[in-house]
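Those protein sequence lines, which keep their order, are chains A and B. Counting the first sequence from 1 gives a position; the working numbering is that position plus 29. Counting the second sequence from 1 gives a position; the working numbering is that position plus 107. This report concerns only the one structure given below.
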Amino acid sequence: MIAKHDVLVVGAGCAGMRAAIEAFDAGADVAMISKLHPTRSHSGAAEGGINAALGNAAEDNPEIHAYDTVKGSDYIGDQDAIEIFAQEAPGDIIQLENWGAFFSRREDGKLAQRPFGAAGSPRTVYAADITGHVLIQVLWEQVCKRDIPVYEEFFAWQLVENDGRCQGVICWDLLHGGLKTVGGKTVVLATGGAGRQYRVTTNAYACTGDGMAMALHAGLPLKDMEFMQFHPTTLYPTGILLTEGIRGEGGYLINKDGERFMKRYAPNALELASRDVVSRSEQTEIDEGRGVDGSVLLDMRHLGAERILERLPSSRELAMTYAGIDPVYDPVPVRPGAHYHMGGVETDKDGATELTGLYAAGECACVSIHGANRLGGNSLMETITFGRRAGRSAAEWALSHTTVEVPESAERDAEARLRELLDREGGERPWKLREELGSSMLENFAVFRTEAGMTKQIEILHGLRERYPNVYVEDKGEVFNSDLTQAIELGNMLDTALCMVSAGVVRKESRGAHARPHDYPTRDDDKFLHHSITRWKDGGVELSTSEVRFTKWEPQERKY
Amino acid sequence: MRVALKVWRYDSATGERALREYEIDAPEEATLLDCLDIVKDRHDGSLAYRKSCRMMICGSCGMRMDGAAVLACKTRMYDIAQEGRVPVISAMGNLPIVKDLVVDMDPFWAKFKAMWPWLEPGYERPEDGREYRISQERMNVVHKESLCINCGLCVSECNAMESDPEFLGPQALAKGMRFVGDPRDGATVERLERYNSEHGIWDCTRCYFCNERCPKGVDPRDAIAKLGAESIRLGIDRDMGAKHAKWFVRSAETTGWLREEELIPKTQGYVSAIKQLKFGYSLAKHGKVRPVPIPHVAKDVNEARTLHKLVREQDRQGALGHVQGEHALERLAHGHVNESLEEIYARPGAAPRPWLPEVEEAPSA
């Protein structure tokens, strides 16, 4: 063990930094572990905005925000958590502003808010189309102000469980080499998503589900893993995100005939229906031959250059750089791409998991406020509100307990496993498996799902998992061995993918992002109004369910 | 497409450097980062570089291509491959190399942290507990500085840092301007005092490489100029650099000329000027300065005076006196100003005009 702290936060994106700041302010000795420098985290790539019912642009209140979120979740979001979320969001936004966040402003000097999908009011606070960047910067500034230590480019690999509690993390020191164990009275997982399981994704290379996999391997339950959000507007062919804010600012989705096809699928909300609805509509247009080269078109021409440059400058730059298209003159080809895990490590309202001393927040966690479908702008808000709550409760627990012990055997075992991987010669290179995973997940577990496709995908995943012990690392050195960490990441993606598809097969209904138009086209509240739970047992997935917590909203038919 | 590249490898264990050439097949849309990925996956797993978002926002993949700093994810390879060029890829400059294309960013972040890079609120919190009200226009003063992704390309290319590694440098100073220019910040004077110290703003050599290389249009050199202007406006002018700049203004305002002979005493002080008399004599002998410096007033001096007065009247003496840099102007110049929507829809090869079913008729093909 190289060091110990009261609170150890794994991951330094928005949720991780917010948790660390809160733990620090609660008086704890806190440190962060991150495989990237904090400002490199993928939270920074969030574009469109962050939802809080400030009511600056139109009548709004937390109750409406909560209702929109419940409805968006297709009624399996936990309503007690959603109510806390909607209530505390406005205060958290004001705090970010006090810390210096560079949000866009209204004429009257208040924070500007823009319309977003499936929201009853223009509720999305934003900073042009680089909201995530602005939040990452302001949180990093506050981390610097507090001088919170960061174990930078430490790849967290394994949780240390001792005496029935989580007491630290075993990491690979990417920059200098070697396994390093950092002890913590409490550990907060804030490692983000796993979109890299898919060939077409908005996610960064770093989004490989490391925290989910660590928790899974420590015997913890992952919740609602079958719900993978496909973002409707990812740039063809790279999958780079183009914000929902483009549609919020008035952008159209058209097919090859110029038809604003959303009118046929969501007659009232049109382009601003919820993401699952828009992605399905796009996929249907593409599948039925009304697309353009496997895409539909996102048309901003009518917004005019001035508005595009003022509100959507970075989206324009992305389209120009990666598709060679200036959206001032031409519509941009987009298609649904893997974007966000609604599921994750099961936590309570304070981020606590089943294992004493272990907390989780942000995309790697499942509180659950997103249920079967997340609303745009709710995930950045979740990182802040539940990052704060997890940081607070982790600090409080840590400050009332004293010892941190890491058994030598844990470090020895990890060392032996690592050496085995590092010393392996011959076999397969990880990229082959990674590419097969990405293509097959996109084919069999994307916007539309079938029984046959999912069954096939489980077989494919079993096959990949059987081959995984034969992958070898070409770089045998200690310094910046990203070949090694990429091989470990592949294992994490394979195991979490197996949880997703296993949970998907048994959910014989269509709900939110889980759409089975051919065999179970409707929602079935009698049989499936529950969370799915996956655990790792004997090298495979064990499935169960848990109840959804309701407060005041009864399930209703969901129309936009 | 076929892409060839040469990569400067560096092994920190042995200290060996070697230029390796790779030839790969890549899709036509491939960026430099995609190409490095293909090399690492299929040819040489030991190649080290940083990456994450691959969409120009995380700032991980800074490196040099043919000696100029670039973001690998922003650099498309199609044209280079078509021309048959074989670019040389190497690590960023001004930072110690750890391995291959990975540099040690610690010195970079140490300078960042030296800026007090956080807001020190200098306003009364609104009594209603809500956000502080401020116009977008006033916040836009630091718009460009707030775009910085800390990639380090500007630092890599900084000529001043090459001669003085302690120089705070373009990214840290741009971050400093992000707070000095923020109307909500209450620590402007303390910040400027700090940034005016040794290795601070006046050590910049104004080579503009940072503006040139910044992938986000931050224009760090402009930020440094704004810090200088703000310092002088607030009377923080003991540095020679500030005195030098002030003399230019004073000289232009009073006589309409730059009175070079007085520049040394005004900037460095009289003692220092006397010590340099011999050098001055040599300059005069070669006709570089006039032997007897008699100030003479330019014919149109009133124009210079009017300009100066105007700047004062408009209250644009500090950072506000600096217009947006060329890059910002370039981004605004998109050639769309005079084109109507109808004209855009009618462009040759344009995508069909959008229409709403059930409300509008489909336009006839």
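Quick reminder that beta carbons are idealized off the backbone N, C-alpha and C, glycines included. It should be emphasised that the depicted structure is a prediction, and the values quoted were computed from it without experimental measurement.
Cβ neighbours of residue i in the same chain (closer than 8 Å, five flanking residues each side left out)
i	result
Gly-212 (chain A)	Met-30, Ala-32, Lys-33, His-34, Leu-37, Val-189, Gln-196, Gly-197, Val-433, Glu-434, Val-435
Met-362 (chain B)	Note on identity: in this sequence residue 362 (chain B) is Thr, with Met being the wrong assignment. Only Pro-402, His-403, Val-404, Ala-405, Val-408 meet the Cβ criterion.
Pro-459 (chain B)	Pro-470
Gly-353 (chain A)	none
Residue i classed as buried or exposed, judged by whether at least 16 other C-beta atoms fall within 10 angstroms
i	result
Tyr-227 (chain A)	buried
Val-535 (chain A)	exposed
Cys-165 (chain B)	buried
Gln-421 (chain B)	exposed
Cys-528 (chain A)	buried
Thr-160 (chain A)	buried
Asp-58 (chain A)	buried
Arg-157 (chain B)	buried
Asn-232 (chain A)	buried
Gly-442 (chain B)	With a pLDDT of only 48 at Gly-442 (chain B), under the threshold of 50, the placement of this residue in the model should not be trusted, and no figure is reported.
Neighbourhood of residue i by C-beta distance below 6 Å, restricted to the same chain and skipping five residues each side
i	result
Phe-114 (chain A)	Ile-398, Thr-414
Glu-480 (chain A)	Asp-548
Pro-400 (chain B)	Glu-368
Phe-3 (chain A)	Outside the shown range of chain A (30 to 589) lies residue 3 (chain A), about which nothing can therefore be said.
Contacts of residue i in chain B (Cβ-Cβ under 7 Å)
i	result
Asp-89 (chain A)	The premise fails here: Asp-89 (chain A) is roughly 14 Å from chain B at the closest Cβ pair, so nothing lies under 7 Å.
Leu-140 (chain A)	Glu-238
Leu-519 (chain A)	What Leu-519 (chain A) touches in chain B: nothing, since even the nearest Cβ is about 12 Å away.
Test: residue i CB closer than 8 Å to a CB of chain A
i	result
Arg-291 (chain B)	yes
Ala-221 (chain B)	no
Pro-372 (chain B)	no
Ser-197 (chain B)	no
Leu-427 (chain B)	no
Arg-161 (chain B)	yes
Between the CA atoms of residue j and residue i - distance to the nearest angstrom
i	j	result
Glu-411 (chain A)	Phe-259 (chain A)	18 Å
Lys-174 (chain A)	Pro-67 (chain A)	14 Å
Gly-372 (chain A)	Leu-334 (chain B)	47 Å
His-94 (chain A)	Pro-327 (chain B)	41 Å
Glu-244 (chain B)	Gly-467 (chain A)	45 Å
Phe-274 (chain B)	Ala-267 (chain B)	7 Å
Trp-223 (chain B)	Arg-313 (chain B)	24 Å
Leu-467 (chain B)	Arg-289 (chain A)	The question names Leu, yet the displayed sequence has Glu at residue 467 (chain B). When rounded, the distance between both Cα atoms is 10 Å.
Asp-158 (chain A)	Arg-276 (chain A)	12 Å
Leu-327 (chain A)	Cys-261 (chain B)	34 Å
Gly-56 (chain A)	Val-172 (chain A)	14 Å
Glu-319 (chain B)	Ser-408 (chain A)	36 Å
Ala-41 (chain A)	Ser-63 (chain A)	6 Å
Arg-340 (chain A)	Ala-281 (chain B)	23 Å
Asp-202 (chain A)	His-415 (chain B)	58 Å
Ala-440 (chain B)	Ala-334 (chain A)	Note that Ala-440 (chain B) has pLDDT 48, beneath the 50 cutoff, so the model's placement of it is unreliable and the number below is only indicative. Roughly 10 Å separates the two Cα atoms.
Gly-222 (chain A)	Glu-273 (chain A)	19 Å
Pro-266 (chain A)	Arg-419 (chain B)	53 Å
Glu-465 (chain B)	Ser-303 (chain A)	21 Å
Met-284 (chain B)	Glu-252 (chain B)	7 Å
Ile-241 (chain B)	Ala-118 (chain A)	21 Å
Ile-283 (chain A)	Leu-65 (chain A)	38 Å
CB contact below 8 Å: residue i versus chain B
i	result
Phe-131 (chain A)	yes
Gly-287 (chain A)	yes
Val-594 (chain A)	This structure leaves residue 594 (chain A) out entirely; chain A is present only between 30 and 589.
Trp-201 (chain A)	no
Arg-293 (chain A)	yes
Ala-41 (chain A)	no
Ile-275 (chain A)	no
Glu-454 (chain A)	no
Gly-391 (chain A)	no
Glu-449 (chain A)	no
Val-229 (chain A)	no
Pro-266 (chain A)	yes
Chain A contact residues for residue i, given Cβ-Cβ distances below 7 Å
i	result
Lys-251 (chain B)	Here the premise fails: no neighbours, minimum Cβ distance about 11 Å.
Val-205 (chain B)	Leu-204, Val-508, Phe-509
Arg-454 (chain B)	Tyr-358
Chain-ordered chain A contacts of residue i [CB-CB under 9 Å]
i	result
Arg-149 (chain B)	Arg-458, Trp-460
Interface residues of chain A facing residue i [CB-CB closer than 8 Å]
i	result
Cys-165 (chain B)	Leu-65, Thr-68, Arg-69, Ser-70, His-71, Gly-73, Ala-74, Ala-233
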